[in-house]
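Numbering of the sequence shown is given in this note's numbering, commencing with residue 1497 and proceeding in unit increments.
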Amino acid sequence: MTVLAETIIIACIVLWAFADITYRLSRED
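Spelled out as structure tokens, the structure:
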């Protein structure tokens, strides 16, 4: 895999984790 592909995959994982955390925090209120 190219560096670009790995960077895109990592970015997607980070964005997914951030969205998941934000969703969980918003449900606690």
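C-beta atoms are modelled at their ideal positions from N, C-alpha and C, and glycine is treated no differently.
In this structure, DSSP gives ASP1525 a state outside helix and strand, which the three-state scheme calls coil.
Residue state for THR1498 is assigned as coil, using DSSP reduced to three classes. Rounded to the nearest whole angstrom, the CA to CA distance from ILE1506 to LEU1521 is 23 Å.
Taking the Cα positions, ALA1501 is about 15 Å away from LEU1511.
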